[in-house]
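Chains as they are written, first to last, in the numbering used here: chain A, 38 to 305; chain B, 4 to 259. From the three backbone atoms N, C-alpha and C, an ideal C-beta is built for every residue, glycine too.
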Amino acid sequence: MKRTGLPAPRPAGRSDPVRGGFLASVLPGAVLVLAAWQILHEVLGTTAVPSPAETFATLADLARRDLAAHLAASLARVLAATALQILAGTGLGIALGASRKAERILGSAVRILHPVPKIAFLPVFMILFGIGDLSKILFVASVAVFQTVVSVRDGIAEIPGPLFLAARSLGLRRPGLLRHLYLPAVLPRVFTSLRLGLGMGLSALFFAENYATRYGAGYLIMNAYAMADYRTTFAGIVCLSLLALGLFALADRAERRLCPWLRAGRGA
Amino acid sequence: MIRAEGLTVDYPRRVPAGTAGGASFDRALDGLDLSVARGASLAVVGPSGCGKSTLLYAVAGLVPVSGGRLEVEGRPPAGRAGTALVFQDYGLFPWKTARQNVELGFRGPAARGAAKDRARSLLERFGVGYAADKYPAELSGGERQRTAIARALASEPDLLLLDEPSSSLDALAKESFQRAVLGLCSHSDSPRGLTVVLVTHDIEEAAFLGGSVAVMERGRIRAVQENPLFGDPALRERLEYYEFCLGVRRLLGEEP
Numbered sequence: 038m039k040r041t042g043l044p045a046p047r048p049a050g051r052s053d054p055v056r057g058g059f060l061a062s063v064l065p066g067a068v069l070v071l072a073a074w075q076i077l078h079e080v081l082g083t084t085a086v087p088s089p090a091e092t093f094a095t096l097a098d099l100a101r102r103d104l105a106a107h108l109a110a111s112l113a114r115v116l117a118a119t120a121l122q123i124l125a126g127t128g129l130g131i132a133l134g135a136s137r138k139a140e141r142i143l144g145s146a147v148r149i150l151h152p153v154p155k156i157a158f159l160p161v162f163m164i165l166f167g168i169g170d171l172s173k174i175l176f177v178a179s180v181a182v183f184q185t186v187v188s189v190r191d192g193i194a195e196i197p198g199p200l201f202l203a204a205r206s207l208g209l210r211r212p213g214l215l216r217h218l219y220l221p222a223v224l225p226r227v228f229t230s231l232r233l234g235l236g237m238g239l240s241a242l243f244f245a246e247n248y249a250t251r252y253g254a255g256y257l258i259m260n261a262y263a264m265a266d267y268r269t270t271f272a273g274i275v276c277l278s279l280l281a282l283g284l285f286a287l288a289d290r291a292e293r294r295l296c297p298w299l300r301a302g303r304g305a
Numbered sequence: 004m005i006r007a008e009g010l011t012v013d014y015p016r017r018v019p020a021g022t023a024g025g026a027s028f029d030r031a032l033d034g035l036d037l038s039v040a041r042g043a044s045l046a047v048v049g050p051s052g053c054g055k056s057t058l059l060y061a062v063a064g065l066v067p068v069s070g071g072r073l074e075v076e077g078r079p080p081a082g083r084a085g086t087a088l089v090f091q092d093y094g095l096f097p098w099k100t101a102r103q104n105v106e107l108g109f110r111g112p113a114a115r116g117a118a119k120d121r122a123r124s125l126l127e128r129f130g131v132g133y134a135a136d137k138y139p140a141e142l143s144g145g146e147r148q149r150t151a152i153a154r155a156l157a158s159e160p161d162l163l164l165l166d167e168p169s170s171s172l173d174a175l176a177k178e179s180f181q182r183a184v185l186g187l188c189s190h191s192d193s194p195r196g197l198t199v200v201l202v203t204h205d206i207e208e209a210a211f212l213g214g215s216v217a218v219m220e221r222g223r224i225r226a227v228q229e230n231p232l233f234g235d236p237a238l239r240e241r242l243e244y245y246e247f248c249l250g251v252r253r254l255l256g257e258e259p
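What follows is the structure in structure tokens.
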């Protein structure tokens, strides 16, 4: 076989943006953001925008004090809310996608509630579920859950018809259908919704942590802002961003582990 | 094995909302009569849209019967464990490896015990043991088709239904696939005797794999031709084979 002039065949698998590790993949973006930040600091010349160097010095200082407690509080809330988002969102999404009855009864409710700005309901959550962690977790989950419901419902609708016939001809009943057809079919959608929901969820968390708590990245940021301590404000923002980056990396890893077929056969 | 009398299958037609609904269905099978003996191998040929696939789905119990009678081993076909269907586009689950797809075919808890090894040996029997841990996206059309057959046979069926089994295979893969299926049709190793029904638009395939060839047209069987040549793997080297094909072609009314 003559192969001259052809490039060496690429190994099969999705062209992987994360090759070389997660840190390497975010490095160019990080450099860009830091450069823009430094320029903004120079141009504006106000204490409201501290330089990256000042911010990271403050961050290092915070790390020696109570930063870990703030981060742990935020992380625990976000993880609990995400778990709720996945469980409730996937369950409801599959019900809506797989059952015409569920879609008829609940589908319109989801369509009505999806665009409502859930942020406005924080006071209601606090009245119903107290001012502690429970109301914050439920609040964040309620903001993010719609991403999962809608993605999963659409994912069910996109399962090719022949696969349903194949499942039926293999004698799969309800538990088997769920395990072998519905869940794996929507799993990639769950991860996509996780990424989308994380951005919205962290915004909601930031908002919720301004009330009735003394711990959390949101509290750290707004408390420092109220005291005109802009370095700590920015350190908190950096902290929240790093938290989000870490969670994104975690979601990527989990997806690669749980959805190996997505990377199979690409580029083949 | 299979007995159909006046079999009619209608598909509901999607009518725009608000339209006055009359008879809003498409008749896919229209009073079809058919009888297939146990252990026989029947090839059904016909133009696209003649109802071939619907016939297969009805026998598999996947579409409801609208009229007439249809029985498999004296009973309605729905939910029958001994029937296995291989789909035109293979129907493999993309999130399962070839081996995991085959494992889905096993029925009953006893069969699932040594599922891994049994699935592998089934794949080996169809010459794709090397691909056991690959996902369908990594397999060629021929490998997918062999995996789909292995999955169908995992349930140890006594009735195997094949829907356009080689329509998307290239010429070489098609011939080797057909030889593998012929091995199943002619000297079946199932103790009860494997009955095979395949539908195809490929006359040569029908003549190669069918102990009898049924010609279908507009939802009915128009003629059934016994195939005296059936069972010879070297059939393609015999002139009678092409004469038989020509005979079927004439029945189809598309004489060259």
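Inset, instruction - Report the rounded CA-to-CA distance for GLY213 of chain B versus GLU146 of chain B, giving the unit in angstroms. - result: Stepping through the second sequence from its first residue, residue 213 of chain B is reached at position 210. Stepping through the second sequence from its first residue, residue 146 of chain B is reached at position 143. If I take the Cα positions, the gap works out to 23 Å.
Legend entry - Closer than 8 Å at the beta carbon, the chain B residues around LEU200 of chain A: Along the first sequence, read from residue 1 onward, the residue named residue 200 of chain A stands at position 163. Within 8 Å Cβ-Cβ: GLY94, PHE96.
Legend entry - Residues of its chain near ALA85 of chain A, where Cβ-Cβ distance is below 6 Å and the 5 sequence neighbours each way are ignored: By one-based count along the first sequence, residue 85 of chain A stands at place 48. Excluding sequence neighbours, ALA85 of chain A sits near TYR267.
Legend entry - 9 Å Cβ cutoff, LYS119 of chain B in contact with chain A: Locating residue 119 of chain B in the second sequence gives position 116, counting from the first residue. Chain A contact via Cβ: absent.
Legend entry - Neighbour list for LEU207 of chain A in chain B, Cβ cutoff strictly below 8 Å: Position 170 of the first sequence, counting from 1, holds the residue named residue 207 of chain A. What LEU207 of chain A touches in chain B: LEU107, GLY108, ARG154, SER158.
Inset, instruction - Check whether the region 89 to 108 of chain A touches the region 151 to 164 of chain A, taking contact to mean three or more Cβ pairs, one atom from each stretch, closer than 8 Å. - result: Too few Cβ pairs lie closer than 8 Å, so no.
Inset, instruction - Measure the C-alpha to C-alpha separation of ALA222 of chain A and ARG221 of chain B and round it to an integer number of angstroms. - result: Stepping through the first sequence from its first residue, residue 222 of chain A is reached at position 185. Stepping through the second sequence from its first residue, residue 221 of chain B is reached at position 218. Computed Cα separation, rounded: 36 Å.
Inset, instruction - Kindly indicate the opening and closing residues of the beta strand (DSSP E) around PRO15 of chain B. - result: Mapped onto the second sequence, residue 15 of chain B falls at position 12. Unbroken beta strand (DSSP E) run through PRO15 of chain B: 5 to 15.
Inset, instruction - Report the partner residues of MET264 of chain A according to the DSSP bridge assignment. - result: Here residue 264 of chain A corresponds to residue number 227 of the first sequence, with the count starting at 1. For MET264 of chain A, which the question treats as bridged, DSSP gives no partner whatsoever.
Inset, instruction - Only counting runs of 3 or more residues, tell me where the beta strand (DSSP E) segments fall wholly within the region 134 to 216 of chain B, in order along the chain. - result: List check, beta strand (DSSP E) in window: 162 to 166, 198 to 203.
Inset, instruction - Starting from the N-terminal side, write out each stretch of the beta strand (DSSP E) that is 3 residues or longer and does not extend beyond the region 180 to 268 of chain A. - result: DSSP runs (the beta strand (DSSP E)) wholly in the region 180 to 268 of chain A: none.
Inset, instruction - Give every residue of the same chain whose Cβ lies closer than 6 Å to the Cβ of HIS78 of chain A, excluding the five residues on either side of it in the sequence, and list them in chain order. - result: Here residue 78 of chain A is taken as the residue at index 41 of the first sequence, counted from 1. The residues are VAL86, SER88.
Inset, instruction - Note down the Cα distance separating VAL199 of chain B from LEU163 of chain B, rounded to an integer number of angstroms. - result: For the purposes of this step, residue 199 of chain B is taken as residue 196 along the second sequence, with counting starting at 1. For the purposes of this step, residue 163 of chain B is taken as residue 160 along the second sequence, with counting starting at 1. Between VAL199 of chain B and LEU163 of chain B, the C-alpha separation is close to 5 Å.
Inset, instruction - Would you check if the distance between the CB atom of VAL185 of chain A and the CB atom of THR95 of chain A is smaller than 9 Å? - result: Taking the first sequence and counting its residues from 1, the one referred to as residue 185 of chain A is at position 148. Taking the first sequence and counting its residues from 1, the one referred to as residue 95 of chain A is at position 58. One detail in the question is off: residue 185 of chain A reads as Thr in this sequence, not Val. Not a contact, by the Cβ cut-off of 9 Å.
Legend entry - Alpha-carbon spacing of VAL202 of chain B relative to LEU202 of chain A, whole angstroms: For the purposes of this step, residue 202 of chain B is identified with residue 199 of the second sequence, where counting begins at 1. For the purposes of this step, residue 202 of chain A is identified with residue 165 of the first sequence, where counting begins at 1. In this structure, the alpha-carbon of VAL202 of chain B lies about 17 Å from that of LEU202 of chain A.
Inset, instruction - In angstroms with no decimal places, state the Cα-to-Cα distance between SER172 of chain A and ALA139 of chain A. - result: On the first sequence, residue 172 of chain A is found 135 positions in, with the first residue counted as 1. On the first sequence, residue 139 of chain A is found 102 positions in, with the first residue counted as 1. Answer to the nearest angstrom: the Cα atoms are 27 Å apart.
Inset, instruction - In angstroms with no decimal places, state the Cα-to-Cα distance between TYR245 of chain B and ALA81 of chain B. - result: Taking the second sequence and counting its residues from 1, the one referred to as residue 245 of chain B is at position 242. Taking the second sequence and counting its residues from 1, the one referred to as residue 81 of chain B is at position 78. In this structure, the CA atom of TYR245 of chain B is about 38 Å from the CA atom of ALA81 of chain B.
Legend entry - Collapsed DSSP secondary structure at ALA85 of chain A in the structure displayed: Sequence index remark: in the first sequence, residue 85 of chain A carries index 48 (1-based). Coil.
Inset, instruction - Output yes if chain A places a C-beta closer than 9 Å to the C-beta of VAL12 of chain B; else output no. - result: If you number the second sequence from 1, residue 12 of chain B lands on position 9. It does not; no Cβ of chain A falls within 9 Å.
Legend entry - Short CB-CB distance (under 9 Å) between TRP74 of chain A and chain B: In the first sequence, counting from the first residue as 1, residue 74 of chain A sits at position 37. Not a single C-beta of chain B is nearer than 9 Å to the C-beta of TRP74 of chain A.
Legend entry - Segment contact flag, the region 268 to 287 of chain A with the region 30 to 38 of chain B, C-beta cutoff 8 Å, min 3 pairs: Judged by Cβ distances under 8 Å, the region 268 to 287 of chain A makes no contact with the region 30 to 38 of chain B, as fewer than three pairs qualify.
Inset, instruction - Consider the Cβ of LEU231 of chain A: report whether some Cβ of chain B lies at a distance smaller than 9 Å. - result: Numbered from 1 along the first sequence, position 194 holds the residue referred to as residue 231 of chain A. Using a CB distance cut-off of 9 Å, LEU231 of chain A does not count as an interface residue toward chain B.
Inset, instruction - Out of B:ASP13, B:ARG78, B:ASN230, state which residue places its alpha-carbon closest to the alpha-carbon of VAL47 of chain B. - result: Along the second sequence, one-based indexing puts residue 47 of chain B at 44. Selected option, being the one with the closest Cα: B:ASN230.
Legend entry - Start-to-end residues for the alpha helix (DSSP H) that takes in LEU255 of chain B: For the purposes of this step, residue 255 of chain B is identified with residue 252 of the second sequence, where counting begins at 1. The continuous stretches of alpha helix (DSSP H) do not include LEU255 of chain B, and DSSP gives it neither H nor E.
Inset, instruction - Could you tell me which chain A residues have their CB closer than 9 Å to the CB of PHE233 of chain B, listed as they occur along the chain? - result: Indexing the second sequence from 1 puts residue 233 of chain B at position 230. Near PHE233 of chain B there are no residues of chain A at all, since even the closest Cβ is about 26 Å away, more than 9 Å.
Inset, instruction - Could you say if the region 158 to 174 of chain B and the region 74 to 92 of chain B meet the contact criterion of at least three C-beta pairs nearer than 8 Å? - result: The region 158 to 174 of chain B, when compared against the region 74 to 92 of chain B, does touch it at the 8 Å Cβ threshold.
Legend entry - CB contact check: ALA301 of chain A to chain B, cutoff 9 Å: Locating residue 301 of chain A in the first sequence gives position 264, counting from the first residue. Yes, contact with chain B.
Inset, instruction - Measuring only between beta-carbons, confirm whether GLU141 of chain B sits less than 9 Å from chain A. - result: The sequence position of residue 141 of chain B within the second sequence is 138, counting from 1. Under the Cβ distance rule, GLU141 of chain B counts among the residues neighbouring chain A, one pair being separated by less than 9 Å.
Legend entry - Contact set between ALA84 of chain B and chain A, taken where Cβ atoms lie within less than 7 Å: For the purposes of this step, residue 84 of chain B is taken as residue 81 along the second sequence, with counting starting at 1. GLY208, listed in chain order.
Inset, instruction - State buried or exposed for VAL115 of chain A, treating a residue as buried only when at least 16 other CB atoms are found within 10 Å of its CB. - result: Sequence index remark: in the first sequence, residue 115 of chain A carries index 78 (1-based). VAL115 of chain A should be labelled buried.
Legend entry - CB contact check: GLN148 of chain B to chain A, cutoff 9 Å: On the second sequence, position 145 is the one that residue 148 of chain B refers to. No, no contact with chain A.
Legend entry - Proximal residues to PRO97 of chain B (C-beta, below 8 Å), its chain only, five neighbours per side dropped: In the second sequence, the residue the question calls residue 97 of chain B occupies position 94. Within its own chain, the residues whose Cβ lies closer than 8 Å to the Cβ of PRO97 of chain B, once the five positions on either side in sequence are excluded, are TYR138, PRO139, ALA140, listed in chain order.
Legend entry - Contact set for GLY70 of chain B: own chain, Cβ-Cβ below 6 Å, skip 5 residues either direction: Taking the first residue of the second sequence as position 1, residue 70 of chain B is located at position 67. Cβ within range, chain order: THR11.
Inset, instruction - Please list, in chain order, all residues of the same chain as ASP192 of chain B whose beta carbon is under 6 Å from its beta carbon, the five residues on each side excluded. - result: Numbered from 1 along the second sequence, position 189 holds the residue referred to as residue 192 of chain B. Per-residue confidence for ASP192 of chain B stands at a pLDDT of 49, beneath the threshold of 50, marking its modelled position as unreliable; the derived number appears in the next sentence. For ASP192 of chain B, there are no CB contacts under 6 Å within the same chain when 5 residues up- and downstream are skipped.
Legend entry - PRO212 of chain A at chain B interface by Cβ criterion, 9 Å: Within the first sequence, the letter at position 175 stands for residue 212 of chain A. Not one chain B Cβ lies under 9 Å of PRO212 of chain A.
Legend entry - GLN91 of chain B in three-state terms, based on DSSP: Here the question's residue 91 of chain B lines up with position 88 in the second sequence. Correct three-state label for GLN91 of chain B: coil.
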